[in-house]
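Protein chains: 2
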Amino acid sequence: MEKKITIYDLAKELNVSPGTISRSLNNHPSISKKTKDKVVLKANELGYKVNKFAVNLRTQKSNTIGVIIPKLDSYFMSTLLAGVEKVANEAGYNLIISQSLESMEKEKLNAKTLYNSGIDAILVSLAFNTENYDHFTPFIKSKIPLIFMDRVHVLPNCPTIVIDNVQAGYDATDHLIQQGCKNIIVITGNLKRNVYADRVLGYKKALKANKYKFSTDCIFETTMEPKNTSDVLGYIKNMDEPVDGLFILADSFAAHCIKELKKENYNIPEDLKIVGFNNDPISVLVTPTLSTIEYPGYNMGLLAGESIINQIKGNINLQETNAISLRHKLIVRESSRN
Amino acid sequence: MEKKITIYDLAKELNVSPGTISRSLNNHPSISKKTKDKVVLKANELGYKVNKFAVNLRTQKSNTIGVIIPKLDSYFMSTLLAGVEKVANEAGYNLIISQSLESMEKEKLNAKTLYNSGIDAILVSLAFNTENYDHFTPFIKSKIPLIFMDRVHVLPNCPTIVIDNVQAGYDATDHLIQQGCKNIIVITGNLKRNVYADRVLGYKKALKANKYKFSTDCIFETTMEPKNTSDVLGYIKNMDEPVDGLFILADSFAAHCIKELKKENYNIPEDLKIVGFNNDPISVLVTPTLSTIEYPGYNMGLLAGESIINQIKGNINLQETNAISLRHKLIVRESSRN
Numbered sequence: 003m004e005k006k007i008t009i010y011d012l013a014k015e016l017n018v019s020p021g022t023i024s025r026s027l028n029n030h031p032s033i034s035k036k037t038k039d040k041v042v043l044k045a046n047e048l049g050y051k052v053n054k055f056a057v058n059l060r061t062q063k064s065n066t067i068g069v070i071i072p073k074l075d076s077y078f079m080s081t082l083l084a085g086v087e088k089v090a091n092e093a094g095y096n097l098i099i100s101q102s103l104e105s106m107e108k109e110k111l112n113a114k115t116l117y118n119s120g121i122d123a124i125l126v127s128l129a130f131n132t133e134n135y136d137h138f139t140p141f142i143k144s145k146i147p148l149i150f151m152d153r154v155h156v157l158p159n160c161p162t163i164v165i166d167n168v169q170a171g172y173d174a175t176d177h178l179i180q181q182g183c184k185n186i187i188v189i190t191g192n193l194k195r196n197v198y199a200d201r202v203l204g205y206k207k208a209l210k211a212n213k214y215k216f217s218t219d220c221i222f223e224t225t226m227e228p229k230n231t232s233d234v235l236g237y238i239k240n241m242d243e244p245v246d247g248l249f250i251l252a253d254s255f256a257a258h259c260i261k262e263l264k265k266e267n268y269n270i271p272e273d274l275k276i277v278g279f280n281n282d283p284i285s286v287l288v289t290p291t292l293s294t295i296e297y298p299g300y301n302m303g304l305l306a307g308e309s310i311i312n313q314i315k316g317n318i319n320l321q322e323t324n325a326i327s328l329r330h331k332l333i334v335r336e337s338s339r340n
Numbered sequence: 003m004e005k006k007i008t009i010y011d012l013a014k015e016l017n018v019s020p021g022t023i024s025r026s027l028n029n030h031p032s033i034s035k036k037t038k039d040k041v042v043l044k045a046n047e048l049g050y051k052v053n054k055f056a057v058n059l060r061t062q063k064s065n066t067i068g069v070i071i072p073k074l075d076s077y078f079m080s081t082l083l084a085g086v087e088k089v090a091n092e093a094g095y096n097l098i099i100s101q102s103l104e105s106m107e108k109e110k111l112n113a114k115t116l117y118n119s120g121i122d123a124i125l126v127s128l129a130f131n132t133e134n135y136d137h138f139t140p141f142i143k144s145k146i147p148l149i150f151m152d153r154v155h156v157l158p159n160c161p162t163i164v165i166d167n168v169q170a171g172y173d174a175t176d177h178l179i180q181q182g183c184k185n186i187i188v189i190t191g192n193l194k195r196n197v198y199a200d201r202v203l204g205y206k207k208a209l210k211a212n213k214y215k216f217s218t219d220c221i222f223e224t225t226m227e228p229k230n231t232s233d234v235l236g237y238i239k240n241m242d243e244p245v246d247g248l249f250i251l252a253d254s255f256a257a258h259c260i261k262e263l264k265k266e267n268y269n270i271p272e273d274l275k276i277v278g279f280n281n282d283p284i285s286v287l288v289t290p291t292l293s294t295i296e297y298p299g300y301n302m303g304l305l306a307g308e309s310i311i312n313q314i315k316g317n318i319n320l321q322e323t324n325a326i327s328l329r330h331k332l333i334v335r336e337s338s339r340n
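Following this line, the structure appears as structure tokens:
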């Protein structure tokens with residue numbers, strides 16, 4: 003590696019004191035603009051780099067926010083991250099991003115690594131199978147701000163950012179009922195996660211409000227990977243009463259199910275009405291277009307970024323806040339229209 | 003903030019010397035497993051944290067890799083990142099991810115921030131409009147490994163990871179010609195970027211090899227945002243000779259174009275054959291399913307991660323390597339079949 007350029011090198015080159023260099027680079031008011039410009043120009047020319055490590059050691063701050071999400075390559079998560087990154091970047095924070103790959107064990111390791119990296123705050127969306135939350139205790143003990151996004155868990159001093167998944171589940175189910183569906187099945191991800199459990203709760207509430215009977219047979223749990231569409235089809239076909247409504251808790255999986263259902267000559271929406279979740283771009287590109295719940299991932303990311311940065315800076319104290327809820331919206335398209 | 007736990011606190015709690023604590027935490031062979039376990043247990047219990055900042059200052063290494071990509075919320079980029087993150091995470095590196103949002107100015111700022119953060123290496127995929135590369139000079143001067151991925155530029159000591167975009171463009175065009183297309187239009191992103199320019203070059207080569215005439219009218223440049231489909235349709239309709247083949251350089255935009263074309267009663271593939279690019283999940287979900295070029299984003303991410311980490315560790319010297327090229331593959335589906 004080349005010799006590192008120091009403020010002493012810059013001082014020598016410009017024939018001024020190291021103190022002048024240091025004050026210029028820190029934009030100190032005692033230095034003229036002309037001198038500052040000269041110093042900055044020379045610093046850039048020679049490739050001078052602030053010794054961030056020394057600054058970090060002095061301040062014990064890294065200007066870094068850690069993020070743990072289940073998977074980078076899901077549309078919802080990538081839009082959420084895009085929102086977080088935009089806010090963090092503009093506020094001068096770096097974002098360290100890690101994936102749990104839907105595994106609690108990996109999530110634990112990521113939490114440990116991030117904790118030891120000296121991040122100033124952390125944003126978390128939980129893995130499918132997380133059921134123990136001790137790996138977040140070090141953050142709470144050290145008063146490092148922690149906010150859960152989307153897939154959340156209630157822990158002391160950790161606010162959550164969510165949509166009202168119960169209401170969203172209710173809205174989707176009630177819509178299918180109003181369209182005349184008599185036997186509605188919910189296709190859901192792991193019910194350990196609030197997002198799925200709450201939507202299913204909303205489904206049950208809508209049935210009750212409309213005096214429909216609920217049966218546990220009407221809930222089908224799956225990892226919602228494309229390869230699992232055949233399980234869904236098998237399940238539907240073997241129901242005693244014909245299924246005429248599907249509420250599928252992710253658009254991407256709904257799109258794959260529609261493809262398989264069409265192959266099996268189901269007419270959508272005539273025989274079977276479908277509502278998805280998320281309003282992924284895919285929902286307007288499939289045939290028929292997919293009714294869904296708009297879930298503002300990008301806006302959630304912006305809000306999560308703003309909230310955590312304000313908390314780091316002490317502008318707001320969200321640790322007393324329990325949950326921040328964003329608006330959702332039912333979008334009716336061809337897949338559920340009469 | 004609570005008082006920070008130090009090795010002295012741990013030593014007091016366990017009634018051993020600070021040296022024993024330090025050696026235990028560093029897994030020193032002179033300490034018994036029993037003692038190590040006891041120390042680690044107590045350290046976790048009290049929330050002891052390695053002072054990473056002091057370690058960084060001593061080693062002048064951050065174990066961090068910076069990444070600049072155009073947009074987090076594109077399918078290709080999110081799969082690429084997923085690959086990079088997997089490798090980095092397993093090797094114990096943190097990933098600081100930033101978006102240029104397709105702006106050279108933002109890319110410059112990101113490069114500066116990452117440089118000052120003391121990252122050990124950087125991976126870059128260029129913004130749409132980047133045409134000056136001086137913001138990468140500090141990395142090159144400081145011998146900080148830099149690898150370009152996908153959207154690349156040739157700079158000294160900076161290898162590139164790509165697919166053979168010229169050949170891929172050739173393959174797609176030649177396929178359309180073999181299917182009988184006489185008037186093939188390319189719908190492309192900004193031609194400043196190698197990925198698009200090279201694919202268009204491949205298109206031209208395929209025309210030449212098949213003794214077709216090339217006309218600049220056959221290239222339509224766009225930002226490939228969904229709102230621009232109407233421009234594409236207008237352009238096609240106003241061509242003197244009827245267009246019977248479209249080579250659209252991104253699947254997501256191709257899917258939006260198909261939707262608009264169907265509304266205007268174009269029969270695909272009978273009237274108009276279409277090939278996209280990337281093999282996004284959308285390509286099997288649209289009707290008709292979309293022929294495309296498989297572009298292994300996840301594998302590119304794995305390779306980029308492995309390459310940069312090996313370079314940091316000095317295991318390989320890629321700075322003398324010019325380009326690493328991955329395999330692509332033409333996938334024929336309904337949109338271009340006779």
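Line by line, the protein sequences are chains A and B.
Mapped onto the working numbering, the consecutive letters of the first sequence carry residue numbers 3 to 340.
Mapped onto the working numbering, the consecutive letters of the second sequence carry residue numbers 3 to 340.
Cβ coordinates follow ideal geometry from the N, Cα and C atoms, glycine included.
Scanning the segment 228-259 of chain B for uninterrupted alpha helix (DSSP H) segments of 4 residues or longer gives 231-239, listed from N- to C-terminal end.
According to DSSP, residue 220 of chain B shares a beta bridge with no other residue. For residue 101 of chain A, no alpha helix (DSSP H) segment is defined; the enclosing uninterrupted segment is the beta strand (DSSP E) at 96-101. Burial is judged here by how many other beta carbons sit within 10 angstroms of a residue's own beta carbon; residue 88 of chain A has at least 16 and is buried. In this model, residue 276 of chain A and residue 337 of chain A are separated by some 5 Å (Cα to Cα). Residue environment analysis places residue 236 of chain A among the exposed positions, since fewer than 16 neighbouring C-beta atoms fall within 10 angstroms of its C-beta.
Taking 7 Å as the upper bound on Cβ-Cβ separation, chain A lies near residues 49 of the segment 36-50 of chain B. Contact annotation for residue 152 of chain A against chain B: no contact, minimum CB-CB distance about 15 Å [criterion: below 8 Å]. Per DSSP, residue 151 of chain B is one residue of the beta strand (DSSP E) stretching across 148-151.
Contact between residue 257 of chain A and residue 332 of chain B is ruled out by a C-beta separation of about 24 Å, above the 8 Å threshold. Between residue 222 of chain A and residue 187 of chain A, the C-beta gap is smaller than 8 Å, which places the two residues in contact. When DSSP states are grouped into helix, strand and coil, residue 64 of chain A belongs to the coil group. When DSSP states are grouped into helix, strand and coil, residue 280 of chain B belongs to the strand group. Contact between the segment 213-228 of chain B and the segment 303-318 of chain B is not established, with fewer than three Cβ pairs separated by less than 8 Å.
Take the alpha-carbon of residue 76 of chain A and the one of residue 262 of chain A: they are about 21 Å apart. Within chain B, no C-beta atom comes nearer than 8 Å to that of residue 11 of chain A; the closest sits roughly 13 Å away. Within the same chain, 7, 12 come within 7 Å of residue 50 of chain A by CB-CB distance, once the 5 residues on both sides are set aside.
Proximity of chain B to residue 261 of chain A at the Cβ level (cut-off 7 Å) is accounted for by 287, in chain order. In terms of Cα proximity to residue 91 of chain B, the closest of A:93, A:91, A:102, A:84 is A:102. Residue 204 of chain A places its beta carbon less than 8 Å from that of residue 168 of chain A. When the five nearest sequence neighbours on each side are left out, the beta carbons in the same chain lying within less than 7 Å of the beta carbon of residue 325 of chain B are those of 161, 162, 164, in order along the chain. Counting the other Cβ atoms within 10 Å of the Cβ of residue 123 of chain B gives 16 or more, which makes it buried. Apart from the 5 residues on each side of it in sequence, residue 68 of chain A sits with its Cβ closer than 6 Å to the Cβ of 98, 116, 121, 124 in its chain, given in chain order.
Counted as a single uninterrupted DSSP element, the stretch harbouring residue 115 of chain A is not any beta strand (DSSP E) but the alpha helix (DSSP H) occupying residues 106-118. Contact annotation: in the segment 173-193 of chain A, no residue has its CB less than 9 Å from a CB in chain B.
When Cβ pairs closer than 8 Å are counted between the two stretches, the segment 231-249 of chain A is seen to touch the segment 166-186 of chain A, the count reaching three or more.
Neighbourhood of residue 117 of chain A in chain B, by CB distance below 7 Å: 51, in chain order. Cβ neighbours of residue 84 of chain A within its own chain (closer than 7 Å, five residues either side excluded): 300, 303. Close CB contacts of residue 10 of chain B within its chain, under the 6 Å cut and outside five residues either way in sequence, are with 20 (chain order). With 16 or more other CB atoms across the displayed protein chains lying within 10 angstroms of its CB, residue 178 of chain A is buried. For residue 171 of chain B, the number of other beta carbons within 10 angstroms of its own is at least 16, and it is reported as buried.
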